[in-house]
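Chains U and F, in that order, are what the protein sequence lines are.
Count the first sequence with this note's numbering and you get residues 34 to 416, in order.
Count the second sequence with this note's numbering and you get residues 34 to 416, in order.
Don't be surprised by glycine CBs; every beta carbon is placed ideally from N, CA and C.
Below: the structure, in structure tokens.
There are 2 protein chains.
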Amino acid sequence: MSIPVTTEPTYSDHSTIDGQDGIVRRLSVGEHHFETGGYLPEVELAYETFGTLNAEGSNAVLVLHALTGDAHVATGHAAQPGWWADFVGPGLTVDTDKYFVLSVNMLGGCNGSTGPSSHNAQGHPYGSSFPFTTIRDAVHVEAKLADALGIDVFHAVMGGSMGGARALEWAVQYPDRVRNLVVMAATGQSTAEQIAFAQVQIEAIRQDPYFAQGDYYANAVGPDAGLGIARKLAHITYRSEAELEHRFGRTAQGQEQPLGSATWPRGRYQVESYLDHQAGKLVNRFDANSYVVLTEALMSHDIARGFDSFEAALARLAEVNVVIAAVRSDRLYFPEQSERLAAALPVPKPVYYIDSPIGHDGFLTDAKQLHGVLSHLVFEQEP
Amino acid sequence: MSIPVTTEPTYSDHSTIDGQDGIVRRLSVGEHHFETGGYLPEVELAYETFGTLNAEGSNAVLVLHALTGDAHVATGHAAQPGWWADFVGPGLTVDTDKYFVLSVNMLGGCNGSTGPSSHNAQGHPYGSSFPFTTIRDAVHVEAKLADALGIDVFHAVMGGSMGGARALEWAVQYPDRVRNLVVMAATGQSTAEQIAFAQVQIEAIRQDPYFAQGDYYANAVGPDAGLGIARKLAHITYRSEAELEHRFGRTAQGQEQPLGSATWPRGRYQVESYLDHQAGKLVNRFDANSYVVLTEALMSHDIARGFDSFEAALARLAEVNVVIAAVRSDRLYFPEQSERLAAALPVPKPVYYIDSPIGHDGFLTDAKQLHGVLSHLVFEQEP
Numbered sequence: 034m035s036i037p038v039t040t041e042p043t044y045s046d047h048s049t050i051d052g053q054d055g056i057v058r059r060l061s062v063g064e065h066h067f068e069t070g071g072y073l074p075e076v077e078l079a080y081e082t083f084g085t086l087n088a089e090g091s092n093a094v095l096v097l098h099a100l101t102g103d104a105h106v107a108t109g110h111a112a113q114p115g116w117w118a119d120f121v122g123p124g125l126t127v128d129t130d131k132y133f134v135l136s137v138n139m140l141g142g143c144n145g146s147t148g149p150s151s152h153n154a155q156g157h158p159y160g161s162s163f164p165f166t167t168i169r170d171a172v173h174v175e176a177k178l179a180d181a182l183g184i185d186v187f188h189a190v191m192g193g194s195m196g197g198a199r200a201l202e203w204a205v206q207y208p209d210r211v212r213n214l215v216v217m218a219a220t221g222q223s224t225a226e227q228i229a230f231a232q233v234q235i236e237a238i239r240q241d242p243y244f245a246q247g248d249y250y251a252n253a254v255g256p257d258a259g260l261g262i263a264r265k266l267a268h269i270t271y272r273s274e275a276e277l278e279h280r281f282g283r284t285a286q287g288q289e290q291p292l293g294s295a296t297w298p299r300g301r302y303q304v305e306s307y308l309d310h311q312a313g314k315l316v317n318r319f320d321a322n323s324y325v326v327l328t329e330a331l332m333s334h335d336i337a338r339g340f341d342s343f344e345a346a347l348a349r350l351a352e353v354n355v356v357i358a359a360v361r362s363d364r365l366y367f368p369e370q371s372e373r374l375a376a377a378l379p380v381p382k383p384v385y386y387i388d389s390p391i392g393h394d395g396f397l398t399d400a401k402q403l404h405g406v407l408s409h410l411v412f413e414q415e416p
Numbered sequence: 034m035s036i037p038v039t040t041e042p043t044y045s046d047h048s049t050i051d052g053q054d055g056i057v058r059r060l061s062v063g064e065h066h067f068e069t070g071g072y073l074p075e076v077e078l079a080y081e082t083f084g085t086l087n088a089e090g091s092n093a094v095l096v097l098h099a100l101t102g103d104a105h106v107a108t109g110h111a112a113q114p115g116w117w118a119d120f121v122g123p124g125l126t127v128d129t130d131k132y133f134v135l136s137v138n139m140l141g142g143c144n145g146s147t148g149p150s151s152h153n154a155q156g157h158p159y160g161s162s163f164p165f166t167t168i169r170d171a172v173h174v175e176a177k178l179a180d181a182l183g184i185d186v187f188h189a190v191m192g193g194s195m196g197g198a199r200a201l202e203w204a205v206q207y208p209d210r211v212r213n214l215v216v217m218a219a220t221g222q223s224t225a226e227q228i229a230f231a232q233v234q235i236e237a238i239r240q241d242p243y244f245a246q247g248d249y250y251a252n253a254v255g256p257d258a259g260l261g262i263a264r265k266l267a268h269i270t271y272r273s274e275a276e277l278e279h280r281f282g283r284t285a286q287g288q289e290q291p292l293g294s295a296t297w298p299r300g301r302y303q304v305e306s307y308l309d310h311q312a313g314k315l316v317n318r319f320d321a322n323s324y325v326v327l328t329e330a331l332m333s334h335d336i337a338r339g340f341d342s343f344e345a346a347l348a349r350l351a352e353v354n355v356v357i358a359a360v361r362s363d364r365l366y367f368p369e370q371s372e373r374l375a376a377a378l379p380v381p382k383p384v385y386y387i388d389s390p391i392g393h394d395g396f397l398t399d400a401k402q403l404h405g406v407l408s409h410l411v412f413e414q415e416p
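Listed below in structure tokens is the structure:
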């Protein structure tokens, strides 16, 4: 596992970052008292910006990433394409010629923000001592980052999957700071099944002997196998049965023999090789502890926590223009769940659909299908 | 892990087993040359019978179990209820007052039939040396068992899930020995997604350091953790999202705190405790090597192997009365897959539905919904 470490200088003044699209920066937002009792004396957040904040500070758009995503939402000046490269950028749906896009690596992550692999004051990785983190914790430290960057109100806060959970929690916690809210392929509360799939993934990591209760950073080998298993399961849930069948069926991988024999070990089906590839990619770019922390944060996701009811939490969005979107073939965040969320809003809204056959990941691959809807509902007005 | 070992005497003559319903017996069917090249000098099969084979030998029904099932399909004289206790028995849909039911533990299993935990000629468990096994291998040794029991033709061969795969392969391999075929919640070829879920499960077991490449029987600890993870994932796929949500939602287990803290570890949601319970139950009754062997057998499932086409394989069923059934809410063996199978039969058939909200496991819990259909189509005629 190799964790990307960003060593860009940090900036505390947004006026210095114009024209530096897609460069990772870090900013300290000071101490953080976690929702469930943890404490860190200093939290740094890694973020990228795209476009220019206008004089009124009225054109800021906060884009929040999913479980293993990062702040690199658009391509900018970087060689590496952004994860929403066809959706956020100059002339695109989220037009960085007009809007100032801010994207933040989530607290607990491993792409620049303070997380389990970050060093504590004694110079050691937090590891198992990293505090239990909720989506709400992430939102609160992101609000401090917005303060530091001089953004009082976001024209829009948006995201898909865990990014959608973060966006929704943002609007519930800070309704006065969010004019438009776009929640894609996400719910207001993680469901029993989402919790169940998450538990299996976490357990695969924790049961890996190289996990060492989370304190593996000084060891030669980390819990790559466990993280790989977690990713494979997750990846299946991110795609649709139909897509897997269409792409792979029962085809063998290359010259491998998926039927074992007395004289050779079993080879792989193509779909197995595909999952191996997905696992390997993640293991090379992501930290297992961060995977656990963020997955547990997503399990904890419940905008109603501390409110009298789910509806009472949503009632705070009365003045927010809310757009709910779902992927028609999603079998992790079912369209029905988005429908229920949309129906529970203070002003019930329709759900807008991404018609992709590939499942949950359609929020990544086909977000541009929402171009018309978002141009009309969110980005039509001059910011 | 404790593997049930049956020490009943074996019988080679069915006339001696009348009235001994639900008692596990073992019979040697001699050597077996496996489809992909393996060889065992002797295979024993564990089986149970219910009812009495008539003089013409025309009332035999073969019932085949799913992945972790066994031969104990009905209750009989045993204290332990059969796994289809409300579907197979005196006066039930498969009426053991009229039919002679034979149920066989699959080759490679751990409930009495020869499998990885069985001892080889040198008195050691096969472990990693157990041959790669296909559904077709299982069918061929079961045919030898039928020979030994004096059953030339089965009035019906039936099963659900992997039992459905076995039943279908039975009819394709031995169409002259099957009058009626009942395939529930199963396909003719394992799909990409079924293979994908299976790979994750197998890998969770193989990556468990206590798996010891399959040769763990002499060790104090076996791969319980890996087998537990496999079972949890499998169990989620056996149920429906709606059922998990209805039963568990986001409720905490007892007094546990699903949100972790600086001062306590994270407790569990109810759905996590439920999965822990399912894992624990399986670990106590099933052998990890058998789980791998049978799962790989199911991955290999493809009735078309060796035929010119899927349709060519099914063409062998021209004289077999085929009944295809599916569970409406099944998300592991989708109803659409059963529809495609039924449409590809020599004489296309409708699919009969079990209307259960719980998912794939509905073939176990609600098989009796097929009482009317099967009474009419399969069991109306005097055997």
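U/Phe-133 lies in the beta strand (DSSP E); which residues open and close that run? Start at 1 with the first residue of the first sequence, and residue 133 of chain U comes out as number 100. Counting along the chain, the beta strand (DSSP E) containing U/Phe-133 begins and ends at 133-137.
Here's a check: name, in chain order, each residue in its chain whose Cβ is nearer than 8 angstroms to the Cβ of U/Gly-55, leaving out the five neighbours to either side. In the first sequence, counting from the first residue as 1, residue 55 of chain U sits at position 22. Taken in chain order, the residues that qualify are Glu-81, Phe-83, His-105, Ala-107, Thr-108, Gly-109, His-110, Ala-111 and Gly-115.
7 angstroms Cβ shell around F/Leu-378 - same chain, five flanking residues per side excluded: Position 345 of the second sequence holds residue 378 of chain F. So the qualifying residues of the chain are Leu-347, Leu-350 and Val-355.
Go ahead and pull the three-state DSSP assignment for F/Val-325. Position 292 of the second sequence holds residue 325 of chain F. F/Val-325 falls in the helix class under three-state DSSP.
Check whether the region 354-369 of chain U and the region 126-141 of chain U touch, using three or more Cβ-Cβ pairs below 8 angstroms as the test. no
Under 8 angstroms Cβ to Cβ from U/Pro-368, same chain only, skipping five residues before and after it: list those, please. In the first sequence, the residue the question calls residue 368 of chain U occupies position 335. Same-chain partners within the cutoff: Ala-359, Val-360, Arg-361, Val-384 and Tyr-386.
If you draw a straight line from the alpha carbon of U/Glu-289 to that of F/Pro-164, how long is it in whole angstroms? Translated into the one-based positions of the first sequence, residue 289 of chain U becomes position 256. Translated into the one-based positions of the second sequence, residue 164 of chain F becomes position 131. Going by the C-alpha atoms only, they are around 18 angstroms apart.
The region 137-147 of chain F in contact with the region 168-181 of chain F per 3-pair CB rule at 8 angstroms: yes
Quick one, which residues of the region 314-345 of chain F are near chain U if we go by CB-CB under 9 angstroms, in chain order? Glu-329, Met-332, Ser-333, Asp-335 and Arg-338
Cross-chain neighbours of U/Phe-165 in chain F, by beta carbon under 7 angstroms: In the first sequence, residue 165 of chain U corresponds to position 132, counting from 1. Residues of chain F passing the Cβ test: Leu-292, Gly-293, Ser-294 and Arg-299.
List the residues of chain U whose Cβ lies closer than 7 angstroms to the Cβ of F/Val-254, in chain order. Translated into positions along the second sequence, residue 254 of chain F becomes position 221. Under the 7 angstroms cutoff, chain U gives no residues; its nearest Cβ is about 12 angstroms from F/Val-254.
Taking just the CA atoms, how far does U/Ala-93 sit from F/Phe-319? Taking the second sequence and counting its residues from 1, one reaches residue 319 of chain F at position 286. Taking the first sequence and counting its residues from 1, one reaches residue 93 of chain U at position 60. C-alpha separation (whole angstroms): 57 angstroms.
Shortest alpha-carbon distance to F/His-334 belongs to which of F/Asp-103, F/Thr-167, F/Val-411 and F/Val-211? Numbered from its first residue, the second sequence carries residue 334 of chain F at position 301. Here the closest residue by C-alpha is F/Thr-167.
Would U/Gly-141 pass as an interface residue toward chain F - the criterion being a Cβ-Cβ separation below 7 angstroms? For the purposes of this step, residue 141 of chain U is taken as residue 108 along the first sequence, with counting starting at 1. Not one chain F Cβ lies under 7 angstroms of U/Gly-141.
For U/Ala-285, the three-state DSSP class (helix, strand or coil): As a position in the first sequence, residue 285 of chain U is number 252, starting the count at 1. In this structure, U/Ala-285 counts as strand in the three-state DSSP scheme.
For U/Thr-147, does the count of other Cβ atoms within 10 angstroms reach 16, so buried, or fall short, so exposed? Taking the first residue of the first sequence as 1, we reach residue 147 of chain U at position 114. Flag for U/Thr-147 reads buried.
Report, in whole angstroms, the separation of the C-beta atoms of F/Gly-395 and F/Arg-364, which I expect to be a contact under 8 angstroms. Against the second sequence, residue 395 of chain F aligns to sequence position 362. Against the second sequence, residue 364 of chain F aligns to sequence position 331. F/Gly-395 to F/Arg-364, Cβ: 11 angstroms. No contact.
Rounded C-alpha distance that separates F/Asn-317 from F/Leu-60: Counted from its first residue, the second sequence places residue 317 of chain F at position 284. Counted from its first residue, the second sequence places residue 60 of chain F at position 27. For F/Asn-317 and F/Leu-60, the distance between alpha carbons rounds to 25 angstroms.
Is the beta carbon of U/Ile-238 closer than 7 angstroms to that of U/Gly-259? Within the first sequence, the letter at position 226 stands for residue 259 of chain U. Within the first sequence, the letter at position 205 stands for residue 238 of chain U. Yes, these two residues count as a Cβ contact at 7 angstroms.
Per-residue burial, F/Ser-223 [other beta carbons within 10 Å of its own, 16 or more giving buried]: Counting from 1 along the second sequence, the entry for residue 223 of chain F is found at position 190. That one is buried.
Are the Cβ atoms of U/Ala-420 and U/Pro-158 separated by less than 7 angstroms? Outside the modelled stretch of chain U, which goes from 34 to 416, sits residue 420 of chain U, for which no answer is possible.
Can you pull the chain U residues whose beta carbon is under 9 angstroms from the beta carbon of F/Lys-265, in chain order? Counting from 1 along the second sequence, the entry for residue 265 of chain F is found at position 232. Ordered by position in chain U, the residues that pass the 9 angstroms Cβ test against F/Lys-265 are Ala-229, Gln-232, Val-233 and Glu-236.
F/Trp-117 classed as buried or exposed, judged by whether at least 16 other C-beta atoms fall within 10 angstroms: Indexing the second sequence from 1 puts residue 117 of chain F at position 84. That one is buried.
Contacting residues, own chain, Cβ-Cβ under 7 angstroms from U/Gly-282 (five flanking each side not counted): Taking the first sequence and counting its residues from 1, one reaches residue 282 of chain U at position 249. Within the same chain, U/Gly-282 has no close Cβ partners at all.
Beta-ladder partner(s) of F/Tyr-80, from DSSP: Numbered from its first residue, the second sequence carries residue 80 of chain F at position 47. F/Tyr-80 pairs with F/Arg-58 and F/Val-137.
Going by beta carbon distance, what residues of the same chain come within less than 7 angstroms of F/Ser-323, once the five residues before and after it are set aside? Within the second sequence, numbered from 1, the residue matching residue 323 of chain F stands at position 290. Correct list, in chain order: Gly-141, Gly-142, Cys-143, Gly-148, Pro-149 and Ser-150.
Kindly give me the distance between the Cβ atoms of F/Ser-194 and F/Ala-218, rounded to whole angstroms, as I take these residues to be in contact under 8 angstroms. By 1-based counting over the second sequence, the position of residue 194 of chain F is 161. By 1-based counting over the second sequence, the position of residue 218 of chain F is 185. That pair is a contact at about 5 angstroms.
How big is the Cα-Cα spacing for U/Asn-213 and U/Val-205? Residue 213 of chain U sits at position 180 when you count from the first residue of the first sequence. Residue 205 of chain U sits at position 172 when you count from the first residue of the first sequence. Going from the Cα of U/Asn-213 to the Cα of U/Val-205 covers about 12 angstroms.
Which same chain residues end up closer than 7 angstroms to F/Gly-71 when comparing Cβ atoms and leaving out the 5 residues on each side of it in sequence? Walking along the second sequence from the start, residue 71 of chain F turns up at place 38. Excluding sequence neighbours, F/Gly-71 sits near Pro-164 and Phe-165.
Check F/Arg-280 in the structure and name its three-state DSSP category. Taking the first residue of the second sequence as 1, we reach residue 280 of chain F at position 247. F/Arg-280: helix per DSSP, three-state reduction.
Contacts of U/Ile-269 in chain F (Cβ-Cβ under 9 angstroms): In the first sequence, the residue the question calls residue 269 of chain U occupies position 236. Within chain F, the residues near U/Ile-269 are Glu-226, Ala-229, Phe-230 and Val-233.
Chain-order list of residues whose beta-carbon lies under 7 angstroms from that of F/Leu-178 (same chain, five-residue window excluded): Stepping through the second sequence from its first residue, residue 178 of chain F is reached at position 145. Cβ neighbours of F/Leu-178 beyond the five flanking positions: Leu-60, Val-62, Leu-78, Tyr-80 and Val-137.
Going by C-alpha distance, which of U/Glu-68, U/Val-304 and U/Pro-291 is nearest F/Gln-496? Since the displayed chain F opens at 34 and closes at 416, residue 496 of chain F lies outside it and no answer follows.
Within 10 angstroms of its Cβ, does F/Ala-253 collect 16 or more other Cβ (buried), or is it exposed? Counting from one through the second sequence, the residue named residue 253 of chain F turns up at place 220. When all chains shown are included, F/Ala-253 counts as exposed.
Does the beta carbon of F/Gln-240 sit closer than 7 angstroms to a beta carbon anywhere in chain U? Here residue 240 of chain F is taken as the residue at index 207 of the second sequence, counted from 1. Chain U, which has a Cβ nearer than 7 angstroms to the Cβ of F/Gln-240, makes this yes.
Applying the 10 Å Cβ sphere with the 16-neighbour rule, what's the burial state of F/Asp-185? Reading the second sequence from its first residue, position 152 is the one you call residue 185 of chain F. Exposed, by the Cβ-count rule.
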